[in-house]
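Protein chains in written order, with the UniProt record's numbering: chain A, 1 to 379; chain B, 1 to 379; chain C, 1 to 379.
Ideal placement from N, C-alpha and C gives every residue a C-beta, glycine not left out.
Below is one structure, written out as structure tokens, with a few remarks after it.
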Amino acid sequence: MAAPGPGPLLVDHHCHGVLRSPAGRGVFESLLTESDVPAAPGTTFFDTQLGFAVRRLCPPLLGLAKHCSPRDYLARRQELGVREVGGRLLRAAGIGEFLVDTGLPGDLTEPAELAELGGGTAREIVRLETLAERVADTADEPEAFLAALDTAIRTASATAAGFKSIAAYRHGLRLDPAEPAREEALRAAAAWLDGRRPGTRLADPTLHRLLIWSAARTGLPLQLHTGFGDPDLRLQDADPLLLSDLLHALRPTGCAVVLLHGYPYHRLAGYLAHVHPHVHADVGLSLTHTGTRASAVLAELLELTPFGKLLFSTDAYGLPELYVVGAHLFRTALAELTSGWVAAGAWSRPDADRVARLIGADNARRVYGSHGAGAVRAG
Amino acid sequence: MAAPGPGPLLVDHHCHGVLRSPAGRGVFESLLTESDVPAAPGTTFFDTQLGFAVRRLCPPLLGLAKHCSPRDYLARRQELGVREVGGRLLRAAGIGEFLVDTGLPGDLTEPAELAELGGGTAREIVRLETLAERVADTADEPEAFLAALDTAIRTASATAAGFKSIAAYRHGLRLDPAEPAREEALRAAAAWLDGRRPGTRLADPTLHRLLIWSAARTGLPLQLHTGFGDPDLRLQDADPLLLSDLLHALRPTGCAVVLLHGYPYHRLAGYLAHVHPHVHADVGLSLTHTGTRASAVLAELLELTPFGKLLFSTDAYGLPELYVVGAHLFRTALAELTSGWVAAGAWSRPDADRVARLIGADNARRVYGSHGAGAVRAG
Amino acid sequence: MAAPGPGPLLVDHHCHGVLRSPAGRGVFESLLTESDVPAAPGTTFFDTQLGFAVRRLCPPLLGLAKHCSPRDYLARRQELGVREVGGRLLRAAGIGEFLVDTGLPGDLTEPAELAELGGGTAREIVRLETLAERVADTADEPEAFLAALDTAIRTASATAAGFKSIAAYRHGLRLDPAEPAREEALRAAAAWLDGRRPGTRLADPTLHRLLIWSAARTGLPLQLHTGFGDPDLRLQDADPLLLSDLLHALRPTGCAVVLLHGYPYHRLAGYLAHVHPHVHADVGLSLTHTGTRASAVLAELLELTPFGKLLFSTDAYGLPELYVVGAHLFRTALAELTSGWVAAGAWSRPDADRVARLIGADNARRVYGSHGAGAVRAG
């Protein structure tokens, strides 16, 4: 069952399914960027650090020369078919465990399918806003909605590995830190539900807070999106320092908080992980999109973040290529940095190896435990 | 006509004239800094990355040893005379086309003169606030002012390569994103014109917005100052993320926006260029002032900025030395970075060469087209 | 009296006393972090860049192998005793002059004791908030308080090398820039003193401003905490750009301002030191906590900060290890950077050596002069 990865298997604590159907050039390019519109005329999203990293790392896994043209690569991809490409790429990533955010739309692999493709195991991360939207589709009175939401979160907590909030790209992270009082939650629910049509997004600050506090009360780890990412987001509203007071308020719940991504605010995320015992930082997305600059970005994360508080992830979504790129860049960037530090006498080799195990897998195992394990294991 | 530059000719999409008259040490030092006052007692602006870069690169072009003393360098400069120094330095910069912001005061070379000195061609970038101030010097009634301004912008658009706004260091970039309604513009114009004396600066947020929207409506590219620069500026008011909503609002006009400089917010400018198809980022000033750190700063810009969205410029002003430094640092920094990435196998050599052509010239050609070409060509 | 340091003696313009009594593992770890609570279960503050730097640099000074285990190191430390350890480590730091902030609580060495341990001389930096709190403990009427405070500041200025404000982690740096009028100061003092118990902290924005302006009026240098540090602080309230208007307003007083630390806003501090003749930047704490990344952080500081405006410090507190780490990282980071720049031809060797002397000692000598010298000299 173990993937023939280029080193110890990683735990990818934050990722998504891959497309089940073939992707043409337009869809493929759109998944290489965080923009929500096509590239400017005369430009292409292949001309980015991520595009170059894909063209470097993936063609050889499909039998082509590295740095081949996008056209050749996409043709070969089509020739082999989605399942063969997915299997080859996912297994090459060397990931042993996938914690999958299942809250994104699209014809994506379920956690068990993804695990099977990748030769590992999977657990689920429940996206709170998606959960609340589903609840609201059937419970459209405030009292009933809050009761059903509470049940849904508790039910999910029985099998999920953790929760995630995307408040950053709905309302933004300027949230009152206090847990909403019941009256306040009812008013916010009433306002949102009034005249709501199924599928309408949740973007109310009180309801985001309610979700965050409800998840924290379950004791499961809570992932919070910060920094760049989804195009809906205003980057300044995703600054992790906006969470300062909320993180302080959440501390007594004992809930582990993981600040996702963070770039270009990753040093600020590292600071928060330094001063708060329950706060952790993440490398996902930041490394993938910065390509050959991944070691520089990772090095900045390693300035203040305690080594027991940083977690590997890919944030891969849609394309199995993003698993290859995310895992490879993480491994090589960390190896490059620590080898240099060992060569300079600043770190010892055993410490370097130990830190690699912490960030690559052991920190995630400590934070997420085995909660929800077995729920979605590959055959 | 071609300059004997150390590589393909560059397009400098944002620069200024050089002084026509000799500069003593005080004036020379003042042009090495963005401060508006002399250096602190006991210190000199030659003791900066820019000062060291000038002393490294320029003395050999005037027949002196690199790193010679400021005194020797300034003496030699005086000996050779302004025109000889300007010609030697400008031609050594290897710039084939200059897009010149003509809105700065001082006894500066006009675009045609600059082009002649540098052995290239020149086009004009019209500084909107300067244009509006000139209009206001003769049209001091709101209705007449707005009509004359509209005419002036349309007239300028017939020959200019683009427009530029310096709202960042007047009001700052906290601007309402919406195009001002006519009543609003009239009120703002009335308030500004009331009792105004010729030469009084424009710093009204509604009028800045009016200028930006009027320029965008012409379809020409629009440069926006962001990040450090002029000493009038409060740096936090020049954060390019303050433009998030305005950039979103401008998207449908089809106007290409170029975020100038950006340092130390250049990663944020790169993010905006990543998510908005019409937004571009720039290397000018940031590389010049950081000297031997130029490759580190450029590397950060190359994290998220798509390679088809980054443009070379010097932002040189007053001293021809700033052309030498800006162009040399850009060329060597980019070569150093991409050579390393090619050596590591992360990039291919053809891709590296192609990206160098894009950033050095081709992106500017695509964005600015040939609009205004021929208007101010050197003999 | 000279310490056998690994190079010219440094002037540490901002530091604190070391513990007079033995530190167990809990206390030792707590002094390795800016967090105010123990490390998360399963993690240790030894697993940080600072922890690794301590284990690299200090064991050999106590007769152990570098990178030995924390347990072995702490055992050896206990075996040798506080005074022996302090003397060995402090002398190895190679610091000739200590400017000691005496406003921290705890059983810490006084400046004269520290100087004796370290084989150098010491002068005092008076922490304004601590001074005001002491005054308030005996003068609890507004008029009397303001008069006694004025006397205390003037008295302190006769012997101190400078003043320091920690407004950043009390109220934060969002301070009205104007000097408080007498009535305003009286009202603020009355509000703070009303019902105050001895020891209650000062955190009123008007009183912070009063302290800053009163200190500036003495003409002594004024240190302002910025960036990360004390766990009380909300990092975004310690952004040095919040001081923009206050720095502008203080310029005419002639008072030299030193922005301490700054990380991760150190580039912003460098910008302020670039545009304001009276503003300086500092390396302390930022290098210590980033360990093997010190050269990267220092390089960023050296982008815009004029070389005559950057000052070495350790910000060491409690543990003599922090002197070793701070001084060593500064020396090696600067040497690594400038050697590389000299090898690349970007800097000359004499310039590199001169800049090292400026930042290591001469800038501090120029800024602090010899004011207060001799007040607390070691025997």
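Alpha-carbon to alpha-carbon, residue j and residue i
i: L250/A; j: R201/B; result: 50 angstroms
i: V258/C; j: G103/C; result: 17 angstroms
i: T218/B; j: A256/B; result: 11 angstroms
i: residue 385/A; j: F52/A; result: Since the first residue of chain A shown is 1 and the last is 379, residue 385/A is not available in this structure.
i: R366/B; j: G360/B; result: 12 angstroms
i: Y263/B; j: S21/A; result: 43 angstroms
i: P111/A; j: T290/C; result: 38 angstroms
i: P41/C; j: V355/A; result: 16 angstroms
i: A190/C; j: E184/C; result: 10 angstroms
i: D239/A; j: Y265/C; result: 14 angstroms
i: L9/A; j: G24/C; result: 38 angstroms
i: H171/B; j: Q223/A; result: 39 angstroms
i: A281/C; j: A269/C; result: 6 angstroms
i: T305/B; j: L211/C; result: 45 angstroms
Cβ-based neighbour list, residue i, same chain, cut-off 7 angstroms, excluding 5 preceding and 5 following
i: L175/C; result: A167, P205, H208, R209, L246
i: G308/C; result: L358, N363
i: L80/A; result: L62
Simplified DSSP state of residue i, which is helix, strand or coil
i: A296/A; result: helix
i: K164/C; result: strand
i: A343/A; result: helix
i: E145/C; result: Inspection of the sequence shows that residue 145/C is occupied by Phe rather than by Glu. In this structure, F145/C counts as helix in the three-state DSSP scheme.
i: V355/B; result: helix
i: L9/A; result: coil
i: L108/A; result: strand
i: D72/A; result: helix
i: T159/C; result: helix
i: T226/C; result: strand
i: A281/C; result: strand
i: V257/A; result: strand
i: L19/B; result: strand
i: A378/A; result: Because the pLDDT at A378/A is just 43, under 50, the model does not fix this residue reliably, and the value given afterwards should be weighed accordingly. In this structure, A378/A counts as coil in the three-state DSSP scheme.
i: Y323/B; result: helix
i: V367/B; result: helix
i: G199/C; result: coil
Residues near residue i by beta carbon distance below 6 angstroms, same chain, minus five either side
i: G86/A; result: V18, L117, P320
i: R55/C; result: H67
i: H328/C; result: L57
i: R127/C; result: D101, G103, K164
i: L31/A; result: G318, L319
i: E129/C; result: I166, L202
i: G63/B; result: none
i: I153/B; result: S214
i: D107/B; result: R20, S21
Contacting residues, own chain, Cβ-Cβ under 8 angstroms from residue i (five flanking each side not counted)
i: T332/B; result: A294, S295
i: L193/B; result: A136, D140, E141, P142, F145
i: E60/A; result: The sequence shown places Pro at residue 60/A, rather than the Glu named in the question. Correct list, in chain order: K66.
Exposure label - residue i; buried when at least 16 CB within 10 Å
i: S316/B; result: First, the amino acid is wrong: residue 316/B is Ala here, not Ser. Classification for A316/B: buried.
i: D101/A; result: buried
i: Q49/C; result: buried
i: E300/B; result: buried
i: V37/C; result: exposed
i: Q78/C; result: exposed
i: R267/A; result: buried
i: S244/C; result: buried
Bridge partners - residue i, DSSP secondary structure assignment
i: L99/A; result: R123/A
i: G318/C; result: V18/C
i: L310/C; result: A281/C
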